[in-house]
Amino acid sequence: MNTALLGAGIAVALIVLILMASVRIVPEYERGVIFRLGRLIGAKGPGLFFIIPIVDRMTRVSLRTVTMDIPPQDVITKDNVTVRVNAVTYFNVVDPNRSVVAVENHVQATSQIAQTTLRSILGQVDLDELLINREEINQRLQQIIDEVTDPWG
575 MNTALLGAGI
585 AVALIVLILM
595 ASVRIVPEYE
605 RGVIFRLGRL
615 IGAKGPGLFF
625 IIPIVDRMTR
635 VSLRTVTMDI
645 PPQDVITKDN
655 VTVRVNAVTY
665 FNVVDPNRSV
675 VAVENHVQAT
685 SQIAQTTLRS
695 ILGQVDLDEL
705 LINREEINQR
715 LQQIIDEVTD
725 PWG
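If you want my numbering, it's the 1-based position in the sequence shown plus 574.
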């Protein structure tokens, strides 16, 4: 009788542990991208859902707007003037599946592409044009960064 009771207690404890490991709660501003045995199942959330422990893996992706400071860059303009610029970029994830599958770290990749594009665009204009046409340069930067980051979700 004691072994049967002990076995039942162990079984109940095991079931409770499995249920606790399989329950996922994702808030409104996040999505959980589910992989089953390494294959993409899709994004789930917000809310409560279950995954299969050990078989499924979930990666959380925030859908909120990220404000990211671009480190100050020393840029040489077209007329060989060195200018130190700093920038801020705002972005958010639109497709959580692509943001996990298409790029390893979408935040770092966005930062790198913003820095590279900033140096590239500012190297094509002279200082006077940079000071006069800030809005046009901002729009060109945004367009190029959007084109590159669009496949990342």
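C-beta atoms are modelled at their ideal positions from N, C-alpha and C, and glycine is treated no differently.
Tell me, please, whether the region 630-640 touches the region 607-614 by the rule of three or more beta-carbon pairs shorter than 8 angstroms.
yes
With 8 angstroms as the threshold, decide whether the Cβ of residue 651 is near any Cβ in chain B.
Given the protein chain composition of this structure (a single chain), no chain B is represented.
Please look up how many angstroms separate the CB atoms of residue 651 and residue 715, rounded, as I've assumed it's under 8 angstroms.
About 15 angstroms separates the two Cβ atoms, so there is no contact after all.
Where residue 645 falls: helix, strand or coil (DSSP)
strand
Using C-beta distances below 7 angstroms, list every residue in its chain close to residue 676, excluding the 5 sequence neighbours before and after it, in chain order.
725, 726 and 727
For the beta strand (DSSP E) that residue 661 lies in, which residues bound it at each end?
656-665
Classify residue 656 as buried or exposed, calling it buried when 16 or more other Cβ atoms lie within 10 Å of its own Cβ.
exposed
Beta-bridge pairing of residue 618 - partner residues as DSSP gives them
606
At a cut of 8 angstroms, does the region 640-649 reach the region 618-629 through at least three beta carbon pairs?
no
Candidates 615, 664, 674 and 722, of which the one nearest residue 690 by Cα
722
Looking only at its chain, what residues have a beta carbon closer than 8 angstroms to the beta carbon of residue 662, apart from the 5 residues adjacent to it on each side?
641, 642, 643 and 644
Backbone secondary structure at residue 677 - three-state DSSP
coil
Status (buried if at least 16 other CB within 10 Å, exposed otherwise) for residue 706
exposed
By Cβ distance, which residues of its chain are closer than 6 angstroms to residue 660, with the 5 residues on each side in sequence left out?
646
Please list, in chain order, all residues of the same chain as residue 669 whose beta carbon is under 7 angstroms from its beta carbon, the five residues on each side excluded.
727
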